[in-house]
Amino acid sequence: MQVASMYFKERAHVKLHDAQLQYNLTKIKGKFVEKRRLALTELDDFEGTRDVARAIRQRALDDLDVWLTIFEENARARGATVLYAQTPAEINALVLEIARRHDVRKIIKSKSMVSEESALDHAIEAAGLTVVETDLGEYILQINNYEPPSHIIGPALHKSREEVTELFHKRHGKPRKEGIEELCLEAREELRAHYLTADMGISGGNFFVAESGSVVIVTNEGNATLTTTLPKVHIAISGIEKIVPTLEDVATLMRLLPRSATGQSISNYVDLLSGVKGPGEFHGAEHMYFILVDSGRSEVLASDVRDALRCIRCGACMNHCPVYQNIGGHSYGWVYPGPIGSILTPMYVGLEKALDLPHASTLCNQCGVVCPVKIPLPDLQRKLREKEFERRLRPWYERAALRTWAWVASRPALYGLATRIGIRALRTLADRNGMIRKLPLASGWTDERDMPAPAGRTFRELYAARAKTGATAREPAGATR
Amino acid sequence: MRVGFFVTCLVDLMRPSIGFAAIKLLESGGADVFVPPAQTCCGQPAYNSGDRADTITLARKLVQEFEGCDYLVAPSGSCSGMIKTHYADLFADDPAWSARVAGLAAKTYELTEFLVGVLKLERVPGTFAGTITYHDSCAGLREMGVKTQPRALLAKMDGVRLSEMAECETCCGFGGTFAIKFGEISSRLADNKCQHIVTNGAETVVLGDLGCMLNIEGRLRRRGDATRVMHVAEVLAGDVPET
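As you go down the protein sequences, you meet chains A and B in turn.
Quick note, the working numbering runs 9 ahead of the 1-based positions in the first sequence.
Quick note, the working numbering runs 149 ahead of the 1-based positions in the second sequence.
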């Protein structure tokens, strides 16, 4: 996908003033936040389960090379082919090579965010093949001229039902359907024929299970089941970090994934696919491929933001992020939005192209407390801020302001003098209500807010005066505003 | 019991009355309050902007000033959280300083947490009459675990009626330099918070962090709303600022 993360502020500005989007975004709280809260009450020990889930993911990452080797052996033993893609371009090249090998004309796809990294659909179409997205959200985006997804589990979350009604009417040429169920049925009618005529199915993968060489796919629409079992060829594409050692680990993670994501105790469908269709078996592809994608992941593993690789893509961090809730996913400018995106995007596309993202957070840590695998998201954002500072990627004036403040604050006498002068100067800007309407060099604050003016004397000077006169605990005159 | 009072730079510069109110509360609970005279800033602005070296300089200075006290108390969840939960990260490679930082972190408290948990304050010195709504600041809530303490203290005041607003735990959008770098997003978050405050209808919004206070008060006034904004220390001490 084209990177637009360098335009974060401009994009956020547009989204903040998009009334339809703002209305659509209000649904996040009911749809995800409240449902998750209720679903977690079903667990006897959410914190304990989180600790175990964190440990499972960490164990996989600590010896990732070993688990990948075990996965490879077990997948091969079941007749699958395991391939690695180092770059997004390699994902596309591998898919097209497999398509050629099996004379594929039409490809159906269930949801895969990793394939968004490489804009796989565009590469497939450029090669003259047909590709059809079967996840309802992805399908909506595909028929809307490949609009980018705005959420990792609800890619068309930014759209209202009314917008989908119009889109379906325009694209399918059928009478407008108003109800969600009718819309789903219309999408199903459109998609059914494709399932039956496709030569190849591409899916993502929520987990790769080392001990069995399987892929686990979590969906609500059943489209992944059809995509991976009806065509003769199945390719599962996901990141190398999606390995988990055992099936029992999957069972534990599945207690948290649907609950954290959509507030479901369990998703409608969980596919566990192991190898090709065997003799006498009814279901399954004849040819099965795994494309395990690195594309920046081993660099993340070697960095100080490696905890981000524990992510199981539930989306809870973005659902609970006050910034995401107000600007939506498109503002972030790449595949992964929200708090986790503010780590992964700079790491995968380059920090220079996404300078704002690690800063686009109040560090409120709402994301950190909801993350089912305890990724310390604000700490990781701060680590990337440190990298930007070290590499001098921040504006000179920001750097100068910070360094000056720290220089002054480490010299108490100078600090005392400078702050006494500074706040008196600020005080002169106050209106009669004690508010500053316009702050020089800080219009970001005062464009839409007042700045309450300082009281006029610092605590330090008032306290020193009190100590001198031996006053009691009463504050001296002039301490209040 | 020698309590080192960390005023915090924002209180020092913007609203010293909060510092005096906090001292009054600590003294009313029997604490012997000591205010290290050379204190300045905990280093959080530098830390959250990625300037690690300057943060370390300021952190060392603060540790030296306060480690001789039995406790460090600050009228801020954000600044106490910086010391208690983030200083350790700065000195991970330095065993000697690591130990000193751990020692200080263990005795660092947010004001209301200290009043309830350590001083076990029975009576609060101030009087206050009116309906209030409480905004939980992010660092206080999620780093320091401050949630019940301010409410428990406010419940001791006869005239106070607490009316919880919707989404009282959602960030107000301050976020330090975020408020200036992403002013438009920050203002929207502040506006959402103000909307909840106004809908709630309380006469006064009370909170425990000056950053949130400046942000919420600033946005309320720009909206033309006169709802009073007070630090919890001011309410508990009965030091009602003139409006």
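Just so it is clear, CB atoms sit at the ideal spot from N, CA and C, and this is done for glycine as well.
Remember, it's a predicted structure, so these values are computed and weren't measured experimentally.
Name the chain A residues whose beta carbon is nearer than 7 Å to that of residue i?
i	result
Pro194/B	Leu411, Trp414
Thr319/B	Pro331
Thr189/B	Ala418, Pro421, Tyr424
Val384/B	Those within 7 Å of Val384/B in chain A number zero; the least Cβ separation is about 14 Å.
Val156/B	Phe468
Are there 16 or more other CB atoms within 10 angstroms of the CB of residue i, so buried, or fewer, so exposed?
i	result
Cys190/B	buried
Gln188/B	buried
Arg164/B	buried
Ser14/A	buried
Arg20/A	buried
Met263/A	buried
Trp414/A	buried
Gly359/A	exposed
Glu147/A	buried
Asp388/B	buried
Val23/A	exposed
Going by alpha carbons, who is nearest to residue i out of the options?
i	options	result
Ser223/A	Lys40/A, Phe299/A, Thr428/A, Ala476/A	Phe299/A
Thr467/A	Arg433/A, Lys447/A, Gly377/A	Arg433/A
Lys396/A	Thr413/A, Ala325/A, Ser312/A	Ser312/A
Val152/B	Ala171/B, Ile167/B, Phe183/B	Phe183/B
Gly178/B	Glu271/B, Thr348/B, Val378/B	Glu271/B
Ala84/A	Asn154/A, Leu282/A, Val104/A	Leu282/A
Ser212/A	Tyr204/A, Ser221/A, Pro184/A, Ile226/A	Ile226/A
Arg458/A	Pro274/B, Phe277/B, Leu338/B	Leu338/B
Arg394/A	Pro367/A, Val378/A, Ala415/A	Pro367/A
Gln151/A	Arg170/A, Ala136/A, Phe177/A	Phe177/A
Val355/B	Lys305/B, Arg300/B, Ala245/B, Asp374/B	Arg300/B
Tyr278/A	Val302/A, Lys286/A, Asn232/A	Asn232/A
Phe41/A	Val218/A, Ser119/A, Arg268/A	Arg268/A
Asp208/A	Ile79/A, Ile430/A, Val140/A	Val140/A
Leu235/A	Glu142/A, Gly342/A, Ala69/A, Met263/A	Glu142/A
Ser307/A	Leu25/A, Val242/A, Leu77/A	Leu77/A
Leu264/B	Ala170/B, Met362/B, Tyr196/B	Ala170/B
Val309/A	Lys392/A, Tyr406/A, Glu99/A, Asn154/A	Lys392/A
Phe277/B	Leu385/B, Leu175/B, Gly266/B	Leu385/B
Ser304/A	Leu448/A, Ala410/A, Gly88/A, Pro97/A	Pro97/A
Cys218/B	Thr297/B, Lys256/B, Gly192/B, Leu175/B	Lys256/B
Arg429/A	Gly214/A, Leu448/A, Ala464/A	Ala464/A
What does residue i reach in chain B if we use C-beta pairs closer than 8 Å?
i	result
Met460/A	Leu363, Gly367
Glu397/A	Gly199
Arg391/A	Tyr196, Asn197, Gly199
Arg394/A	Asn197, Ser198, Gly199
Given that residue i touches chain A, what residues does it touch there, using C-beta distances under 9 Å?
i	result
Arg371/B	Met444, Arg446, Thr455, Glu457, Arg458, Asp459
Arg272/B	Correct list: empty, because the minimum Cβ distance to chain A is about 15 Å.
Interface residues of chain B around residue i at Cβ under 7 Å?
i	result
Arg63/A	Under the 7 Å cutoff, chain B gives no residues; its nearest Cβ is about 17 Å from Arg63/A.
Glu43/A	What Glu43/A touches in chain B: nothing, since even the nearest Cβ is about 12 Å away.
Give the residues of chain A in contact with residue i, contact being defined as C-beta atoms less than 8 Å apart.
i	result
Phe242/B	This sequence places Asp at residue 242/B; Phe is not what is there. What Asp242/B touches in chain A: nothing, since even the nearest Cβ is about 12 Å away.
Asp161/B	Thr428, Thr467, Phe468, Arg469
Val184/B	Tyr472
Find the residues of chain B that neighbour residue i, judging by a C-beta separation of less than 9 Å, and give them in chain order.
i	result
Asp449/A	Note that residue 449/A is Pro in the sequence shown here, rather than Asp. Chain B residues near Pro449/A: none, gap ~12 Å exceeds 9 Å.
Phe385/A	In the sequence as displayed, the identity of residue 385/A is Pro instead of Phe. What Pro385/A touches in chain B: nothing, since even the nearest Cβ is about 10 Å away.
Where the segment 192-225 of chain B meets chain A: residues whose CB sits under 8 Å from a CB there: Gly192, Pro194, Ala195, Tyr196, Asn197, Ser198, Gly199, Asp200, Arg201, Asp203, Thr204, Thr206, Leu207, Lys210
Looking at chain B, which residues of the segment 336-369 of chain A have a Cβ within less than 7 Å of any of its Cβ atoms? Ile336, His368, Ala369
Taking a cut of 7 Å between CB atoms, which residues from the segment 165-177 of chain B lie near chain A? Pro165, Ser166, Gly168, Phe169, Ile172, Lys173, Glu176
Listed from N- to C-terminal order along the chain, which residues in the segment 424-435 of chain A have their beta-carbon within a distance smaller than 7 Å of any beta-carbon of chain B? Tyr424, Thr428, Ile432
According to a CB-to-CB cut-off of less than 9 Å, which residues of the segment 115-146 of chain A neighbour chain B? none
Count the C-beta pairs between the segment 194-205 of chain B and the segment 413-424 of chain A that are closer than 8 Å, then say yes if the count reaches three, no if not. yes
Check whether the segment 43-52 of chain A and the segment 237-252 of chain A are in contact - that is, three or more C-beta pairs closer than 8 Å. no
Do the segment 193-205 of chain A and the segment 118-130 of chain A make contact, defined as three or more Cβ pairs closer than 8 Å? no
Under 9 Å (Cβ pairs) to chain A, residues found in the segment 312-340 of chain B: Glu316, Glu318, Thr319, Cys320, Cys321, Gly322, Phe323, Gly324, Gly325, Thr326, Phe327, Ala328, Ile329, Lys330, Phe331, Gly332, Glu333, Ile334, Ser335, Ser336, Arg337, Leu338, Ala339, Asp340
Residues of the segment 342-356 of chain B with Cβ closer than 7 Å to any Cβ of chain A, in chain order: none
Contact between the segment 240-255 of chain B and the segment 212-227 of chain B (3+ Cβ pairs under 8 Å): yes
Using a Cβ-Cβ cutoff of 8 Å, what residues of the segment 17-46 of chain A are near chain B? List them in chain order. Lys18, Ala21, His22, Leu25
Check each residue of the segment 371-382 of chain A: if its Cβ is closer than 9 Å to any Cβ of chain B, include it; give the result in chain order. Thr371, Leu372, Cys373, Asn374, Gln375, Gly377, Val378
Would you check if the segment 355-364 of chain B and the segment 219-230 of chain B touch, i.e. whether three or more CB-CB distances between them fall below 8 Å? yes
Using 8 Å as the threshold, is the segment 434-449 of chain A in touch with the segment 340-352 of chain B, meaning 3 or more CB pairs across them? no
Three or more C-beta pairs closer than 8 Å, one from the segment 58-72 of chain A and one from the segment 239-249 of chain A: is that the case here? no
Short-range partners of chain A found in the segment 264-291 of chain B, where Cβ spacing is below 7 Å: Cys287, Arg291
Using a Cβ distance threshold of 8 Å, determine whether the segment 235-242 of chain B contacts the segment 308-322 of chain B, with at least three qualifying pairs required. no
Relative to chain B, which residues along the segment 159-192 of chain A have a C-beta separation below 7 Å, given in chain order? none
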